[in-house]
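Q: Structure provided below as structure tokens; questions to follow.
The following block contains the structure:
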């Protein structure tokens, strides 16, 4: 690990004022410390934001505001979140280990880097780690890589489960910039696709620091499910995952949300399938149609065609799990 | 040089020749190299930390890069916490920070100040083992023992959190601790035993 200076800040504004190119924020450290050990990230100065940002979970007007520093465990065990937004708890508990969930912050979860094997192998080209060095995964080991939204510069997927839940529930990310102005980014615009800048994972301005995550009230609390398929039963990143939430009116689907992990560079919403499901009856045949529609345009790489039938099945299972509650 | 593990004359001459050549480099050149190195390699930063470990306060000078695991093992000689993977994948370094289980290999020592740290050494009361330590002995919760301190710290937290309701729940909530010997059945039994007490 390269030597660095260690600083502490006491407020979000102070944190964003302190931010510059060679400085990095650290909260839980569960991803960053590892990246520093592997010389993938080499900040000159590390800024500890654990005392600067809120770790509270506040419920108001049926919605919830999660402080940037609230640990993953705290969110997943919050009684009102379990009641009003159970999908979030299910998604979080499907990820990492109890130790890591205790340490990891909510904002840090959003900002974690991909687990693409080439991102971690400093001897191989990777556009995400070293801009314009090339993508090794596109014709290499890509069984865990994307099946949608990728280009010839990057095929990495976003590793978070929590973010899949947040994208399904239309969250908003609040951040504060150097000028102390508050900015709000809808979750669907927070993470980005590789485009021509695969080294950037999201649209958060360089000088901004996330202060909290807001989720509006919804009618999905009774019918939601998170299905995650991985190489082992627990403590592994998703091959594919599906967050599903239905607002059910008798047998009719009033509204629905479908989002996936392990599919793209960002949590992947299945807008077409959602559109198809709205107003239809919640039957297995309808779910199967929706899943078929969702996976229709996916383009697998050399080693991950298995993800397509797997996703199709996971979408049907997630929707069925929603209504079997 | 050492072909098939055998030493030979040519190898001996090469090595001794190189050593002689290195010794012949004037010290001024070596000093110049040190000066250049200072500009090329960033200097390490040492800071003064106060940490509370097993209810005892320690004040130390620590490289900012030091993880809590390295500090515990190298500076406080608390070698119970093990370095397995050093990347947060195996759980052998599990300790408690403010009563919650955490990975000491991914915790920077500088960030562990003002927190109560408990390691496996802090579980027993004198010669009286912690109930979980006793249960691991009685239920054969280990074979080689390398992952055991981490398993026990995690197991204590697992019971305290109320996640020892069933075998499935225990397995899920112990999934952050790997055991290469495969002593999992004994580990689950140990946890069930303590949870039932």
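Protein chains in written order, with my numbering: chain A, 4 to 328; chain B, 6 to 202. By construction, the Cβ of each residue, glycine as well, lies at the ideal position given by its N, Cα and C atoms.
Which whole runs of the alpha helix (DSSP H) in the region 86-163 of chain B are 4 residues long or more, in chain order?
A: Qualifying alpha helix (DSSP H) stretches, in chain order: 136-143.
Q: Taking buried to mean at least 16 other C-beta atoms within 10 Å of its own C-beta, is residue 254 (chain A) buried or exposed?
A: For the purposes of this step, residue 254 (chain A) is taken as the residue at position 251 of the first chain. Under this definition residue 254 (chain A) is an exposed residue.
Q: If you reduce the DSSP assignment to three classes, tell me which class residue 115 (chain A) lands in.
A: Walking along the first chain from the start, residue 115 (chain A) turns up at place 112. It is coil, neither helix nor strand.
Q: In chain order, what residues of the region 32-59 of chain B put their CB closer than 7 Å to some CB of chain A?
A: Residues 47, 48, 49, 50, 52.
Q: Strictly under 8 Å for the Cβ-Cβ distance: is residue 69 (chain B) near chain A by that measure?
A: Numbered from its first residue, the second chain carries residue 69 (chain B) at position 64. Taking Cβ atoms only, chain A reaches closer than 8 Å to residue 69 (chain B), which makes this a yes.
Q: Output the distance between the C-alpha atoms of residue 72 (chain A) and residue 109 (chain A), rounded to the nearest integer angstrom.
A: As a first step, residue 72 (chain A) must be located in the first chain, where it is residue number 69. As a first step, residue 109 (chain A) must be located in the first chain, where it is residue number 106. One C-alpha to the other measures close to 6 Å.
Q: Which word fits residue 201 (chain A), buried or exposed, when buried means at least 16 other C-beta atoms lie within 10 angstroms of its C-beta?
A: Here residue 201 (chain A) refers to the residue found at position 198 when the first chain is read from its first residue. Residue 201 (chain A) comes out buried.
Q: If you follow the beta strand (DSSP E) that residue 311 (chain A) is in, where does it begin and where does it stop?
A: Working through the first chain from its first residue, we reach residue 311 (chain A) at position 308. Run containing residue 311 (chain A): none in the beta strand (DSSP E); it sits in the alpha helix (DSSP H), 310-326.
Q: Using a Cβ-Cβ cut-off of 6 Å (strictly less than) and excluding sequence neighbours within five positions of residue 315 (chain A), which residues of its own chain qualify?
A: Working through the first chain from its first residue, we reach residue 315 (chain A) at position 312. The answer, listed in chain order, is 294, 298.
Q: Residue 74 (chain B) CB to nearest chain A CB: under 8 Å?
A: For the purposes of this step, residue 74 (chain B) is taken as residue 69 along the second chain, with counting starting at 1. Cβ-Cβ to chain A under 8 Å: no for residue 74 (chain B).
Q: When burial is assigned at 16 or more other CB atoms within 10 Å of the CB, is residue 111 (chain B) buried or exposed?
A: Your numbering for residue 111 (chain B) matches position 106 in the second chain. Residue 111 (chain B) comes out buried.
Q: Measuring CA to CA, which of A:49, A:212, A:274 is closest to residue 246 (chain A)?
A: The residue given as residue 246 (chain A) occupies position 243 in the first chain. For the residues A:49, A:212, A:274, the minimum Cα distance to residue 246 (chain A) belongs to A:274.
Q: Strictly under 8 Å for the Cβ-Cβ distance: is residue 240 (chain A) near chain B by that measure?
A: Residue 240 (chain A) sits at position 237 when you count from the first residue of the first chain. Not an interface residue.
Q: For the pair the region 138-154 of chain B and the region 103-118 of chain B, tell me if three or more CB-CB distances fall below 8 Å.
A: No, the region 138-154 of chain B does not touch the region 103-118 of chain B.
Q: For residue 289 (chain A), name the three-state secondary structure that DSSP assigns.
A: What you label residue 289 (chain A) is simply residue 286 of the first chain in a count that begins at 1. It is helical.
Q: Name, going along the chain, the residues of the region 145-164 of chain A whose beta-carbon falls closer than 7 Å to a beta-carbon of chain B.
A: For the region 145-164 of chain A, which is checked against every Cβ of chain B, not one residue is closer than 7 Å.
Q: In the DSSP assignment, the beta strand (DSSP E) including residue 260 (chain A) goes from what residue to what residue?
A: Translated into the one-based positions of the first chain, residue 260 (chain A) becomes position 257. Unbroken beta strand (DSSP E) run through residue 260 (chain A): 255-264.
Q: State the DSSP-derived secondary structure class of residue 187 (chain B), mapped to helix, strand or coil.
A: One-based indexing of the second chain puts residue 187 (chain B) at position 182. Residue 187 (chain B): coil per DSSP, three-state reduction.
Q: For residue 6 (chain B) and residue 28 (chain B), I'd like the C-alpha separation in whole angstroms.
A: By one-based count along the second chain, residue 6 (chain B) stands at place 1. By one-based count along the second chain, residue 28 (chain B) stands at place 23. At residue 6 (chain B) the pLDDT is 49, less than 50, meaning the model places this residue with poor confidence; the figure from the coordinates comes in the next sentence. Near 21 Å, if we compare the C-alpha coordinates of residue 28 (chain B) and residue 6 (chain B).
Q: Looking at C-alpha atoms only, which residue of A:197, A:271, A:265, A:322 is the closest neighbour of residue 258 (chain A)?
A: One-based indexing of the first chain puts residue 258 (chain A) at position 255. It is A:322.
Q: Would you please verify whether the beta carbon of residue 98 (chain A) is less than 8 Å from any beta carbon of chain B?
A: In the first chain, residue 98 (chain A) corresponds to position 95, counting from 1. False, the Cβ-Cβ gap to chain B never drops below 8 Å.
Q: State the Cα-Cα distance for the pair residue 169 (chain A) and residue 190 (chain A), rounded to the nearest angstrom.
A: Within the first chain, the letter at position 166 stands for residue 169 (chain A). Within the first chain, the letter at position 187 stands for residue 190 (chain A). Each residue's alpha carbon lies about 7 Å from the other.
Q: Based on Cα-Cα distance, which residue from B:161, B:94, B:61, B:142 lies nearest to residue 121 (chain B)?
A: In the second chain, residue 121 (chain B) corresponds to position 116, counting from 1. Minimum Cα distance to residue 121 (chain B) is reached at B:61.
Q: Whose Cβ in chain A lies nearer than 7 Å to the Cβ of residue 177 (chain B)?
A: Counting from 1 along the second chain, the entry for residue 177 (chain B) is found at position 172. Result: 237.
Q: Helix, strand or coil for residue 281 (chain A) per DSSP?
A: Walking along the first chain from the start, residue 281 (chain A) turns up at place 278. Residue state, collapsed to three classes: coil.
Q: Quick one: measure Cβ to Cβ for residue 112 (chain A) and residue 76 (chain A), integer angstroms, because I've assumed they're closer than 8 Å.
A: One-based indexing of the first chain puts residue 112 (chain A) at position 109. One-based indexing of the first chain puts residue 76 (chain A) at position 73. About 12 Å separates the two Cβ atoms, so there is no contact after all.
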